[in-house]
Amino acid sequence: MSRNRTHQGCCQSETNYFPKITALPGPIVPVVPPERGVLGYGSLRGDTLDLLSPGSTPVTFHEVGPLSNISVSPSGNELIVQSNGVYQITISVNGQPIFLEGIAVFNVVNRGSSAYTVQASLMAGDIVGASAASDSPIASYANRSLTIIQLS
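If you're matching positions, the sequence shown starts at 0 in numbering that gives the first Met the number 0 and goes up one per residue.
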């Protein structure tokens with residue numbers, strides 16, 4: 000055998016060896032984005048100094064934040080959800096030191112502030128608020144907020 004031998008006719012060219020794939024135009028399907036519902040949110044804030052009593056007393060708020068699919072109760076201290084769903088509820092209360100005869104007292108159970116966040120399934124018409132109580136005759140709070148965000 001000669002090393003200079005050509006391989007003519009032994010192999011097919013690549014264009015003839017592989018079958019051709021041809022794309023044909025199909026129907027045009029419009030892209031429709033998934034439906035998205037408006038989730039609800041709402042907040043209440045307050046910054047005045049309020050005293051606590053031994054009995055459970057509603058936490059008061061004086062400012063309404065942005066609202067969507069949430070309303071405010073007639074008292075202005077609670078938020079009312081308008082649709083069923085899972086909500087994230089956050090309450091934050093910052094105690095203020097009171098000076099009484101030279102003694103400083105922080106008024107949120109031995110802390111300067113407390114924040115609590117929970118998730119809950121709520122139904123349309125459910126009312127969300129917060130209450131506080133203290134056995135101390137000088138306990139108070141200020142700088143508080145209540146926020147609700149609808150997750151689903």
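Just so it is clear, CB atoms sit at the ideal spot from N, CA and C, and this is done for glycine as well. Keep in mind that this is a model prediction, so the values were computed, not measured.
Around the beta carbon of S144, 16 or more other beta carbons lie within 10 angstroms, which makes this residue buried. Residue state for E62 is assigned as strand, using DSSP reduced to three classes. In the DSSP assignment, the residues bridged to L50 are S139. Rounded to whole angstroms, the Cβ separation of L48 and F60 is 14 Å, and the two are not in contact under 8 Å. For G124, there is no enclosing beta strand (DSSP E), as DSSP marks it with neither H nor E.
Here the alpha carbon of Q118 sits roughly 31 Å from the alpha carbon of S135.
The beta carbons of Q87 and S70 sit no closer together than 8 Å. Annotation: the continuous beta strand (DSSP E) that includes S70 extends over I69 to V71.
As a beta-bridge residue in DSSP terms, A131 pairs with T56.
Within the DSSP secondary-structure output, N83 pairs in no beta bridge.
If you look at S42, you'll find it in the beta strand (DSSP E) that goes Y40 to G45.
When secondary structure is reduced to three states using DSSP, S151 falls in the coil class, being assigned neither helix nor strand. Counting C-beta atoms within 10 angstroms of its own C-beta, Y140 has 16 or more neighbours from the protein chains shown and is therefore classed as buried. When secondary structure is reduced to three states using DSSP, S74 falls in the coil class, being assigned neither helix nor strand.
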